[in-house]
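Engineer: Numbering (mature numbering (1 follows the signal peptide of the UniProt record, and there is no 0)), first residue to last: -18 to -1, 1 to 175.
Ideal Cβ placement from N, Cα and C applies to all residues, glycine included.
Starting off with a structure, shown below.
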């Protein structure tokens, strides 16, 4: 089954590459009797810097390879999504494969070159790609983020801490009611003086 899926991805990549890629050198300059390529068309790699015709200076990337640089001498192999990775976007001659992760997992780095367990709120990712409960004195109210220390005081000086933090929440603060006004009924101003 995996082999069939791979063949479909490869076939789609070839179709995309063959239908979009323009061949040859995109920008060139005359130098004597030769043309010298400054930039290949997207999806092409440089074969020779200078020659007789611009079309022969750059060639399209082979299926299963790509380049993002307009003056590269070779194309790079397309990334393969493996293990817990899932294909988000097939490789083309101008872009690498985009991989994601199965449900319950998240990308372990910016390129998504590996997947790690998604840490829920109240937990944080560890260096060994696992999750641990937020240590005492810290909390995490977001998915797959590092735990943060509880606040030590309320942000507003007219508030006081009423609930200590836990693994999911920071401290909770409420406004302080001055002693003199507690229990007194506030009467509306009648407008009479």
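Taking 8 Å as the threshold (C-beta atoms), are residue 22 and residue 8 in contact?
Structural biologist: In the chain shown, counting from the first residue as 1, residue 8 sits at position 26. In the chain shown, counting from the first residue as 1, residue 22 sits at position 40. Yes. Within cutoff.
Engineer: Ordered along the chain, which non-local residues of its own chain (more than five positions away) have a Cβ less than 6 Å from that of residue 24?
Structural biologist: Position 42 of the chain shown, counting from 1, holds the residue named residue 24. Excluding positions up to five away in sequence, the list reads 76.
Engineer: I'd like to know whether the C-beta atoms of residue 126 and residue 108 end up nearer to each other than 8 Å.
Structural biologist: Counted from its first residue, the chain shown places residue 126 at position 144. Counted from its first residue, the chain shown places residue 108 at position 126. Not closer than 8 Å, so no.
Engineer: With DSSP collapsed to three states, give me the class of residue 45.
Structural biologist: Position 63 of the chain shown, counting from 1, holds the residue named residue 45. Residue state, collapsed to three classes: coil.
Engineer: Looking only at C-alpha atoms, which of 63, 68, 139 and 10 sits nearest to residue 40?
Structural biologist: Stepping through the chain shown from its first residue, residue 40 is reached at position 58. Cα-wise, what sits closest to residue 40 is 10.
Engineer: Tell me the residue span of the alpha helix (DSSP H) that contains residue 37.
Structural biologist: For the purposes of this step, residue 37 is identified with residue 55 of the chain shown, where counting begins at 1. Element bounds for residue 37: 36 to 39.
Engineer: Residue 117: which of 150, 96 and 86 sits nearest, CA to CA?
Structural biologist: What you label residue 117 is simply residue 135 of the chain shown in a count that begins at 1. Checking every option, the nearest Cα to that of residue 117 belongs to 150.
Engineer: I'd like the span of the beta strand (DSSP E) that includes residue 145, first residue to last.
Structural biologist: Counting from 1 along the chain shown, the entry for residue 145 is found at position 163. Looking at the DSSP string, the run of the beta strand (DSSP E) that includes residue 145 is 141 to 145.
Engineer: Take residue 55 and list the residues in its own chain whose beta-carbon comes closer than 7 Å to its own, dropping the five residues that flank it on each side.
Structural biologist: Within the chain shown, the letter at position 73 stands for residue 55. Answer for residue 55: 27 and 28, listed in chain order.
Engineer: In the segment 78 to 154, which residue ranges form an unbroken beta strand (DSSP E) of at least 3 residues, counting only runs that do not cross its ends?
Structural biologist: Qualifying beta strand (DSSP E) stretches, in chain order: 80 to 83, 87 to 89, 97 to 99, 105 to 107, 113 to 115 and 141 to 145.
Engineer: Any idea what DSSP makes of residue 159, helix, strand or coil?
Structural biologist: Taking the chain shown and counting its residues from 1, one reaches residue 159 at position 177. It is coil, neither helix nor strand.
Engineer: Count the other CB atoms within 10 Å of the CB of residue 70; is the residue buried (16 or more) or exposed (fewer)?
Structural biologist: Here the question's residue 70 lines up with position 88 in the chain shown. By the 10 Å Cβ count, residue 70 comes out exposed.
Engineer: Would you report the Cα separation of residue 134 and residue 140, rounded to the nearest angstrom?
Structural biologist: Here residue 134 refers to the residue found at position 152 when the chain shown is read from its first residue. Here residue 140 refers to the residue found at position 158 when the chain shown is read from its first residue. C-alpha separation (whole angstroms): 15 Å.
Engineer: Check this for me: beta carbons of residue 156 and residue 144, under 8 Å apart or not?
Structural biologist: As a working mapping, residue 156 is identified with position 174 in the chain shown. As a working mapping, residue 144 is identified with position 162 in the chain shown. Against a cut-off of 8 Å, the Cβ pair of residue 144 and residue 156 comes out as a contact.
Engineer: Going by C-alpha to C-alpha distance, which of 123, 160 and 128 sits closest to residue 153?
Structural biologist: Here the question's residue 153 lines up with position 171 in the chain shown. Taking only the C-alpha atoms, the option nearest residue 153 is 123.
Engineer: Is residue 50 buried or exposed, if buried means 16 or more other CB atoms sit within 10 Å of its CB?
Structural biologist: Locating residue 50 in the chain shown gives position 68, where the first residue counts as 1. By the neighbour-count rule (16 or more Cβ atoms within 10 Å), residue 50 is not buried but exposed.
Engineer: So residue 94 and residue 81 are supposed to be a Cβ contact under 8 Å. How far apart are they, rounded?
Structural biologist: As a working note, residue 94 is residue 112 in the chain shown. As a working note, residue 81 is residue 99 in the chain shown. Indeed, because the Cβ distance is near 5 Å, the residues count as touching under 8 Å.
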